[in-house]
Structure formats: structure tokens, C-alpha cells
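Each remark here refers to the structure printed beneath this line.
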Amino acid sequence: MGLLLTCHVSRLKSYYLRLEMNLDLTLRSEIQKAVTTLFSQSIEQLQIQPTNKEFEGSHTLVCFPIAKISKKGPEETARLIGEYLIAQSGIVSKYNVVKGFLNLVIADRVWVEVFHSIHSQKDFGVLPSDGKEIMVEYSSPNTNKPLHLGHLRNNFLGYSVAEIYKANGYKVHKVQIINDRGIHICKSMAAWKLFGKGETPQSTGIKGDHLVGKYYVEFDKVFKAQIKELIENGVAEKDAERQSPIMQLAVDMLLKWEAKDPETIQLWKTMNGWVYDGFSSTYKRMGVDFEKLYYESETYLLGKEEVLRGVENGAFFKKEDGSVWVDLTGDGLDQKVLLRSDGTSVYMTQDIGTAILRFRDFPKISRQVYTVGNEQEYHFKVLFLILAKLGYSWAKECYHLSYGMVDLPTGKMKSREGTVVDADDLMEEMASEAEKQTRELGKIEDMSDKEIKDLSEMVGLGALKFFLLKVDPKKRMMFDPNESIQLQGHTGPFIQYTHARIKAILRKAESMEISVQETDLKNISTLEPAEREALFLINSYTNKLQEAAKEYSPAVIANYAYDLAKEYNQFYQSIPIFNESDPTKLKFRIAFSQVVADTIKKAMSLLGILVPERM
RNA sequence: GGCUCCGUAGUACAAUGGAUAGUAUUUCAGAUUCCGAUUCUGAAGAUGCAGGUUCGAUUCCUGCCGGGGUCACCA
2 MGLLLTCHVS RLKSYYLRLE MNLDLTLRSE IQKAVTTLFS QSIEQLQIQP TNKEFEGSHT
62 LVCFPIAKIS KKGPEETARL IGEYLIAQSG IVSKYNVVKG FLNLVIADRV WVEVFHSIHS
122 QKDFGVLPSD GKEIMVEYSS PNTNKPLHLG HLRNNFLGYS VAEIYKANGY KVHKVQIIND
182 RGIHICKSMA AWKLFGKGET PQSTGIKGDH LVGKYYVEFD KVFKAQIKEL IENGVAEKDA
242 ERQSPIMQLA VDMLLKWEAK DPETIQLWKT MNGWVYDGFS STYKRMGVDF EKLYYESETY
302 LLGKEEVLRG VENGAFFKKE DGSVWVDLTG DGLDQKVLLR SDGTSVYMTQ DIGTAILRFR
362 DFPKISRQVY TVGNEQEYHF KVLFLILAKL GYSWAKECYH LSYGMVDLPT GKMKSREGTV
422 VDADDLMEEM ASEAEKQTRE LGKIEDMSDK EIKDLSEMVG LGALKFFLLK VDPKKRMMFD
482 PNESIQLQGH TGPFIQYTHA RIKAILRKAE SMEISVQETD LKNISTLEPA EREALFLINS
542 YTNKLQEAAK EYSPAVIANY AYDLAKEYNQ FYQSIPIFNE SDPTKLKFRI AFSQVVADTI
602 KKAMSLLGIL VPERM
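Everything in the first sequence is counted per the numbering used here, starting at 2 for the first residue and increasing by one.
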């Protein structure tokens, strides 16, 4: 009780601290007051939006809805509110009315105050924790082949959403489910046993996941050849698939695995081990991590139990052949199988077990987010309904973060035709392209090879991440590697480059021994338009953070980071920094540049992108 | 076919129901270069079609056209 109380008090404190400098909230309440006083009626929802570039002002109040309660025309209403704010509120210095839009100019004095409070706040942009916990699942690969381009979007998305929630004050648990069992694994095992000649990652120098993937492809090749041969010998197509010797071996291995045959289990462990080693280096390069891994082989039994429990309490039903089904026709869906007639589990079964296990392991989480491609939307709809039928109240808090496919300019990627873009290859290409670009441009002669390597990695991966994250997750997208790595345009490297340039300015300021005191920042009375614009953006950072979490969309942050970098370039172009004769202004601009650089860095880190000090 | 998501300049992406639909790229013209290769300014160019709701629709509703996904005792 005592602990609870102190938590509560400290939360209140930080709330008031924020209120002091929260321009948006203050403005809102001033307008509320104006409306209530002028029209003796209050309005709950105020529409405030950024002012169009062509008009003077930064905040615009949309007055059409207010006109309804004011019983006056929109323009008259806007003018009355404008006049009231000038007279009664300290923060608005000017206004203009265009149609029903009230454009407000915030007093420079207020902007300076806002800037000062951001500048002095060390943890600006991190919302206070309120004890909420959330789980984010992402990646979740099969262990029979290496990761590809689609996995990159998945991993970057999941990681970024997790970081965004962290910044929103949540405690985040990053997890994944590893689909480590099933017929697909046995296929690689069968092919390796037949043709592997004892090959290992060590003996061949091939990365583990790629080696196993090679045998998965090999299986398919042999399987197809055997089917063709059987059909030519007069076997029906359906029977041919079953009679194929290599398929029989795979099925046999699956049965032996389920029966815990030591030799099969050993092979399974060995080959999965190769894959895990391979994955872990891929994850490291991606820059993603996980708090806990779940393995299908460890959760499917709990899923089975739960399904059987569901049969007992009537949530599910059993057919004559022994298979178990759920009837979702009442929810507008179909019937769905949960256990096969032979009692073995299906994909759904293990997801049921996994979900329940996770809420047992982390009882404080309020929500679980699944980062999985949109081809599984139906699957998750069904899963969440089943969990609700089993009586789990948290089922309605499960969320499928669905994303679209990634296309390449060269055409669609299809795994069957072997034109998948491998994740390791792509990352390597991006990094080496970045290195090539850096070396061509020169200016890095004093860098060591190690520094150049690190920089190339940062830029190459940054290009990749930014491009994949800047698009609305649910949309199918086109990834153009060449465009993504350009230093100009809507790209990660452009933002990284802008950051590096700001840092160069700051280094120069330091070498000139310009030191900025907090008091210097308060002596500024007027701002340049570009400074107001950039301050408006910096000030909206926390709003963007909340929006990104609400929408589960790193794209909000990516586009924000870009806007800020672009805004700074405009600022830099229009305003002198070192040529400024007024030392107070010079210092303000240095501090201002510092804050922009910090904010860019913070926003980019939410995307898992590092920004260099120089490049 | 049922369900579902998507259709925005040549191309790739934006736009809580708000103003003359933004940005990048491409092309053309110009400016700056206090950091750094840059950057900035200007010009050209788009909401699939037809209705409806609304003071106002890219956004919401209906129908059509076009594209993706899904509808397994696969995962």
C-alpha cells in the first residue's frame, strides 16, 4: 500500500512538471476557456492541426464544429476566439482567419520557454512508466531454411514497435516462437541423411541455416523427380506423392520423432542447432534481440491439453473419426480442425498452447502483439476467438500486427522458383554498397578500416531499415535497394547524413569554445520562422510517439525523423550560424542544433537505426 | 465464388472528415556554399469509375472495375 502510494505521488509530480511546458495542452485549455466564455457552452473535441505553410501561424483551430454551438458563421466564430485569445491568453500573439480556420501565432517568448524546457529535460521523449506491460512477438521463423527479405520487414517492424512502446512507458517483453518441429523439418533431415555425406557447417564452411536450407531445397528436387517417375509408371498423382520414397522417409522420421526415437531426436537436435547458430548471427547483424524464446516442441502439448479441456466443457466437439473441431459459424467463420483424427496437433494447436503459456509466464502483460504477415490474418482471427471460447479474458487484448509483402523492382519474390532474396546476402550487399559509396566520396582518409566498416554497416543497415519501415505496415510495398541507400531523398542515409553534419557544426562550435549556458537561452526574444517550424516539430515528438504506439506504426516515426532533418536543412540554409554577430543568438542556434540532432537520434533509435557522429 | 486488404503524378511513398491533396525521385531553370560530398528556391505532373451522407470526402457508406491475400486433418 505504501509503495503504491509513492508511485502515485511521483506520477502526479511528473504530470505537473510536464503540464508546465506542454504547449499543446495549455493551448487546448485556453481555447476551451474561450469557447465556454464566449458561447456559454463547452465543446469536448477541439480540432487543432498544423497550419498550412502558406499562412502565418503554427497551430490552426478548425472552427466549423464550433460554429454549430456559437450560432454564428465559422469566420465570425474564429475571429471572436482569436480576439479572446489575444486579450486573455498569454501564449497567442497574433491570429488570422481564413474561411473557418483560425490560424494562431504562438508568441516567440513561449517558444523560447518550450525550447528551454526541452533542452533542460534530460529524458525528453521518454514517457513516464506507469507499470503497464506488453508482449511483442516477432520473427518466428521455421528452422528449415534461412531468413529472407520478408523476415527483414517482420524483424524490423517488431523490434521497432517494441522500442516505441518502451518509449511510451511500457515494460516490453520481446519474444518469438520457433517452429522447430513438423514435417518441414523432417524433410531437411531426410535429404541430409540421404545425400549429406556427413556434411556440417564446420566441414563445409557454410552457415548453418543455409546448409539446412540447401537440403530442404534438395528434398523438394528429389521429391518432384520421384513423383514424375512414379506417374510415368502409371501411378495416380495423389498416390505418387505418398509413395515417393523420400517423402516416406520424412514421414517416418516425423513418427519416430513423436515417439522420441533417440537417433531421430539426436539428428533433429544437431540440425536445429546449426540453424540456431546461423540465425543468431543474422539477428545480431539485424540488431534485434529477444527476452525469451518459445519452441513449438515445448508448447504444442499444452495446446493439446487445452483443446481436450475445451472438448470436455463443450467449447469444441469431436467428430466420429476422433478429430476435434471448433465451430465458428456463429462468428461468421467456418469450422476449424484443432486435432487430427490420429490425435496429432496442427499449427493452431501449438499457437493456443503458446499464448496460454506466455500469459502464465508474464502475468502482468495487458496485451500480446503478434508480428506476422497478412497471409495469416484468418489464422489469428480464429486463434483469438478460440482463446475467448476457452475462457481467457485476455483474448480480446491480443493483436495481430499484420504486414504486407515486400516486392523488388526485379519482380515478385517467390520461394518456389528459388528467387527469394536472402536476408544475409541483402544485408551484406547493403553494407558493401555503403562502403563503396563512402570510399568514392572520400573525406574519410583519417578513418581506420575498422571505423569505415562500422560506418558502412550503420549506413547500409540504416538504409534498409528506414526504407522498410517508412511504409505503412499493412501495405504491400516495393523495396528499391538502390534508391534506399542514396544520400538525398526520403532515405535513412539522408537523415544520418544530416545528423553527421549537425555534429560537425557542434564540433566546430566546441573548437571555437562557444559554451552555452542555460541563461543564454532565456535571453532570446525573437525567433526566425524556420526556428519556429523546427520547434513545432520537436515539440510534437511526444505526440508522434503516442500516435505510433496507437497505430503500431514505425512509419509515423520514420516520416517524422525525415521531416525534422529536412526542416533543419531549410533552417540551416536560411539562417546564419557562425556568421551571426549577436553572441546570444549564436549560442541559441548552437543549442538548437544540438536539440535537433538529439531528437533525430532518438527518433531513429526507435527504428533500430544508429546515426553516425560523422560520415 | 465467400470473406478481407489495397487502387493517389512516369515511379516510390504521405495525408485524426478540413484550406490550393504533401514528400521523394525524374526533367528544366536558378540561388547558396558560415558544416562536408551537400543544401535551398522555382516550374511541370495524381485521388480507378458511378452514386450517397456532409458546410466540407483521398478518407465514411453502396455498387462496379482492377490488383493482392485467404477460404487444408500444411505451417
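The C-beta atom is built at its ideal place from N, Cα and C for all residues, glycine as well.
Just so you know, these numbers come straight off a predicted model, no measurement behind them.
**Study point:** Arg110 vs Val98 beta-carbon contact at 7 Å
**Key:** No, Cβ-Cβ distance for Arg110 and Val98 is not below 7 Å.
Check your understanding: What span of residues does the alpha helix (DSSP H) with Pro555 cover, start to end?
Key -> Residues Pro555 to Ser575.
**Study point:** Cα-Cα separation between Ser141 and Glu264, rounded to whole angstroms
**Key:** Each residue's alpha carbon lies about 27 Å from the other.
Review point. Which runs of the alpha helix (DSSP H) spanning at least 4 residues fall entirely within the segment 367-451, listed in chain order?
Key: Taking only runs of at least 4 residues, the alpha helix (DSSP H) segments lying wholly in the segment 367-451 are 378-390 and 424-442.
Check your understanding: Could you give the distance in angstroms between the alpha-carbon of Gly461 and the alpha-carbon of Met287?
Key -> When the Cα atoms are used, Gly461 and Met287 turn out to be separated by approximately 11 Å.
Exercise for review: Return the CA-CA distance between Ser403 and Ser516, expressed in angstroms with no decimal places.
Suggested key: Ser403 and Ser516: Cα-Cα distance of roughly 49 Å.
**Study point:** Of the listed residues Asn155, Gln547 and Leu340, nearest to Gly620 (C-alpha basis)
**Key:** Examination of residue 620 is not possible in this model, given that the chain is present from 2 through 616 alone.
Practice item. Kindly list the residues whose CB is nearer than 6 Å to the CB of Gly463, restricted to its own chain and excluding five residues on each side of it in sequence; keep chain order. Key: By the criterion of a C-beta distance shorter than 6 Å, Gly463 is surrounded in its chain by Gly493, Gln497 and Ile610, once the five residues flanking it on both sides are discounted.
Check your understanding: According to the Cβ coordinates, are Ala604 and Ala562 closer than 7 Å?
Key -> Their beta carbons are under 7 Å apart, which means Ala604 touches Ala562 by this criterion.
Point to revise | Stretch-stretch touch, CB-based, cutoff 8 Å, three pairs: the segment 438-457 with the segment 135-150 | key: Verdict: no, contact absent.
Review point. Residues in its own chain within less than 6 Å of Lys415 by CB, not counting five upstream and five downstream?
Key: For Lys415, the predicted structure reports a pLDDT of 43, less than 50, and the residue's modelled location is therefore unreliable. A value from the coordinates is still provided. The answer is none, since no qualifying residue turns up.
Check your understanding: Count the other CB atoms within 10 Å of the CB of Gly419; is the residue buried (16 or more) or exposed (fewer)?
Key -> Because Gly419 sits at a pLDDT of 48, beneath the cut-off of 50, its placement in the model cannot be relied upon, and the following sentence gives the value as read from the coordinates. With fewer than 16 Cβ atoms within 10 Å of its Cβ, Gly419 is classed as exposed.
Check your understanding: If you draw a straight line from the alpha carbon of Glu511 to that of Val127, how long is it in whole angstroms?
Key -> Across the structure, Glu511 and Val127 are spaced so that their CA atoms are roughly 28 Å apart.
**Study point:** Proximity to Tyr569 [Cα-Cα], best of Ile558, Lys551 and Ile539
**Key:** Ranking the options by Cα distance to Tyr569, first place goes to Ile539.
**Study point:** Alpha-carbon to alpha-carbon, Lys167 and Ser394
**Key:** In a straight line, the C-alpha of Ser394 is about 24 Å away from that of Lys167.
Review point. Which whole-angstrom value is the C-beta distance of Ile503 and Ala592, which I expect to be below 8 Å?
Key: 12 Å between Cβ atoms; not a contact.
Practice item. Note down, one range per segment and in chain order, each beta strand (DSSP E) of at least 3 residues found wholly within the segment 192-256. Key: The DSSP assignment places no complete run of the beta strand (DSSP E) inside the segment 192-256 (cut-off: 3 residues).
Check your understanding: At what residue ranges does the segment 30-65 contain a whole run of the beta strand (DSSP E), taking only runs of 3 or more?
Key -> Entirely contained in the segment 30-65, the beta strand (DSSP E) runs reaching 3 residues are, in chain order, 49-51 and 60-63.
Point to revise | Cβ-based burial, Tyr553 [other Cβ within 10 Å; buried from 16] | key: Using a 10 angstroms sphere on the CB of Tyr553, the tally of other CB atoms reaches 16 or more, which defines it as buried.
Point to revise | Option nearest Phe157 by Cα separation, candidates Glu614, Ala559, Leu470 and Ala260 | key: Taking only the C-alpha atoms, the option nearest Phe157 is Leu470.
Review point. Candidates Gly315, Val338, Gly333 and Asn314: which alpha carbon is nearest Asp322's?
Key: That would be Val338, whose Cα lies nearest to the Cα of Asp322.
Review point. When the distance is taken between beta carbons, is Gln177 closer than 7 Å to Phe317?
Key: Not in contact: Phe317 and Gln177 (Cβ atoms no closer than 7 Å).
Review point. What are the start and end residues of the alpha helix (DSSP H) that includes Tyr171?
Key: Per DSSP, Tyr171 lies in no alpha helix (DSSP H) segment and is marked neither H nor E.
Check your understanding: Just to confirm, are Ser601 and His500 a CB contact at a threshold of 7 Å?
Key -> In the sequence as displayed, the identity of residue 601 is Ile instead of Ser. Taking the C-beta atoms as reference points, His500 is found nearer than 7 Å to Ile601.
Point to revise | Sub-7 Å separation of Leu340 and Val308 beta-carbons | key: Yes, the pair counts as a contact, with Cβ atoms nearer than the cut-off.
Practice item. Can you grab the Cα-Cα spacing for the pair Arg440 / Ala505, in whole Å? Key: Here the C-alpha atom of Arg440 lies approximately 19 Å from the C-alpha atom of Ala505.
Review point. Which same chain residues, not among the five before or five after Phe65, have their C-beta less than 6 Å away from its C-beta?
Key: Around Phe65: Pro75 and Gly101.
Review point. Which of the three DSSP states, helix, strand or coil, is assigned to Asn483?
Key: The three-state secondary structure of Asn483, taken from DSSP, is helix.
Review point. Measuring CB to CB, does Ala68 end up less than 7 Å from Ile92?
Key: In this structure, Ile92 does not lie closer than 7 Å to Ala68 by Cβ.
Review point. Residue range of the beta strand (DSSP E) that Ile107 falls in?
Key: For Ile107, the enclosing beta strand (DSSP E) covers residues Phe102 to Ile107.
Check your understanding: Going by alpha carbons, who is nearest to Asp332 out of Leu587, Phe385 and Gly344?
Key -> Of the listed residues, the one whose Cα sits closest to Asp332 is Phe385.
Review point. Per DSSP, which one or two residues make a beta bridge with Met136?
Key: Among the bridge pairs identified by DSSP, Met136 is matched with His174 and Gln369.
Point to revise | Residue environment, Leu427, which counts as buried when at least 16 other CB atoms sit within 10 Å | key: The residue in question, Leu427, is buried, as its Cβ has 16 or more Cβ neighbours within 10 Å.
Practice item. With DSSP as the reference, label Ser342 as helix, strand or coil. Key: Reduced to three states, the DSSP call for Ser342 is coil.
**Study point:** Paired residues, beta bridge with Trp326 - DSSP
**Key:** DSSP lists Phe318 and Val338 as partners of Trp326.
Check your understanding: With distances taken from CA atoms, which of Glu429, Thr271 and Pro474 is nearest Met406?
Key -> Comparing Cα positions, the closest option is Pro474.
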